[in-house]
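**Student:** Going from the sequence shown to the numbering used here is simple: count from 1 and add 19.
Glycine included, each C-beta is placed from N, C-alpha and C at the ideal position.
Mind having a look at this structure? Questions to follow.
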Amino acid sequence: MSVQERKERERAARERLIVATARELAEQQGWDAVTTRRLAERIEYSQPVLYSHFRGKREIIGAVALEGAAEMAVALRTATSAADGARARVTALARTYLEFAERNPAVYDAMFQLDGGLAFAAEDTPEPLKDGFAALLESLGEVAGDGVNPGLFTEVFWAALHGLATLTRAGRLPPAEAERRVELLVDRLAMI
């Protein structure tokens with residue numbers, strides 16, 4: 020291995036450490052606790068080293084969001100591939116999405132609530148975000164209905180899931196009815 024290759028591997032490892040540490044700190048204490056000073060202390064590197072990877076917290080949030088989008092896409096595809104039939108796939112997709120949001124609140128915030136400097140629904144949208152949407156579209160496109168644009172239907176279904184995730188987390192919806200909400204969403208919106 021050349022010196023250059025070793026340095027690139029070390030740099031990539033430091034970057035993964037920064038993102039993992041930011042994510043861990045955000046999950047434990049919230050995004051307000053994630054500062055470059057705290058990250059530098061936790062990873063035992065100086066702040067200038069941190070800034071050599073990310074220009075600031077916004078880019079770190081963006082990196083966490085991209086990682087989260089990739090993880091969510093895998094989780095959605097795994098859940099839907101194990102389901103038999105359109106209704107079971109859409110139900111599995113909805114449950115998995117809501118479970119992901121509940122288990123990873125700081126990552127979910129990085130993906131959809133905070134400014135990570137990422138473009139959505141644009142030409143320059145990063146691939147992990149496009150793939151996360153594609154994971155939704157794969158199951159929802161088949162149930163969009165005649166004459167309905169599958170992408171548009173997926174956006175509306177996704178918006179409903181996001182609303183359920185954020186309202187439940189904020190304590191605005193009683194948790195006892197969570198499963199019934201998924202059933203209603205599948206029955207009424209997907210109409211399957």
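For a quick check, are the C-beta atoms of glutamate 121 and alanine 184 less than 9 Å apart?
**Tutor:** Here the question's residue 121 lines up with position 102 in the sequence shown. Here the question's residue 184 lines up with position 165 in the sequence shown. Cβ distance < 9 Å, so glutamate 121 and alanine 184 count as in contact.
**Student:** Does the structure place the segment 163-170 close enough to the segment 68-80 that three or more beta carbon pairs sit under 8 Å?
**Tutor:** No, they do not touch.
**Student:** Return the CA-CA distance between leucine 186 and glutamine 132, expressed in angstroms with no decimal places.
**Tutor:** In the sequence shown, residue 186 corresponds to position 167, counting from 1. In the sequence shown, residue 132 corresponds to position 113, counting from 1. Approximately 13 Å between the Cα atoms of the pair.
**Student:** By how many angstroms is the C-alpha of alanine 84 removed from the C-alpha of isoleucine 37?
**Tutor:** To locate residue 37, count along the sequence shown from 1; it is residue 18. To locate residue 84, count along the sequence shown from 1; it is residue 65. Approximately 14 Å, taken between the alpha carbons.
**Student:** If you follow the alpha helix (DSSP H) that proline 124 is in, where does it begin and where does it stop?
**Tutor:** Taking the sequence shown and counting its residues from 1, the one referred to as residue 124 is at position 105. Taken as a continuous stretch (DSSP letters only), the alpha helix (DSSP H) holding proline 124 covers 124-131.
**Student:** When the distance is taken between beta carbons, is valine 109 closer than 9 Å to leucine 159?
**Tutor:** Translated into positions along the sequence shown, residue 159 becomes position 140. Translated into positions along the sequence shown, residue 109 becomes position 90. Result yes, Cβ atoms of leucine 159 and valine 109 sit closer than 9 Å.
**Student:** Would you kindly report the start and end of the unbroken alpha helix (DSSP H) that includes glycine 81?
**Tutor:** As a position in the sequence shown, residue 81 is number 62, starting the count at 1. Note, glycine 81: alpha helix (DSSP H), 76-100.
**Student:** Buried or exposed for threonine 173, going by 16 or more other Cβ atoms inside 10 Å?
**Tutor:** As a first step, residue 173 must be located in the sequence shown, where it is residue number 154. Its Cβ being crowded by 16 or more others within 10 Å, threonine 173 is buried.
**Student:** Compare the C-alpha of leucine 95 against each of Gly190, Pro194 and Trp177 and name the closest.
**Tutor:** Numbered from 1 along the sequence shown, position 76 holds the residue referred to as residue 95. Leucine 95 has its Cα closest to that of Trp177, out of Gly190, Pro194 and Trp177.
**Student:** Measuring only the C-alpha atoms, how far is arginine 61 from phenylalanine 139?
**Tutor:** In the sequence shown, the residue the question calls residue 61 occupies position 42. In the sequence shown, the residue the question calls residue 139 occupies position 120. So the alpha carbons of these two residues sit roughly 31 Å apart.
**Student:** Taking the beta carbon of threonine 40 as the centre, do at least 16 other beta carbons fall within 10 Å, making it buried, or is it exposed?
**Tutor:** Locating residue 40 in the sequence shown gives position 21, counting from the first residue. Burial call: buried.
**Student:** In three-state DSSP terms, what is leucine 112?
**Tutor:** Along the sequence shown, read from residue 1 onward, the residue named residue 112 stands at position 93. Three-state DSSP puts leucine 112 in a helix.
**Student:** Please return the same chain residues whose Cβ sits closer than 7 Å to the Cβ of glutamate 86, not counting the five positions on each side in sequence.
**Tutor:** Translated into the one-based positions of the sequence shown, residue 86 becomes position 67. Hits under 7 Å: Val38.
**Student:** Thinking just about the alpha-carbon of each residue, which of Gln66, Trp50 and Gln48 is nearest to the one in glutamate 34?
**Tutor:** Numbered from its first residue, the sequence shown carries residue 34 at position 15. Closest option to glutamate 34, Cα to Cα, is Gln66.
**Student:** Skipping 5 residues on each side, what residues in its chain have a beta carbon closer than 6 Å to that of proline 193?
**Tutor:** What you label residue 193 is simply residue 174 of the sequence shown in a count that begins at 1. If we look at proline 193 and ignore the five residues flanking it on each side, it has no Cβ neighbours.
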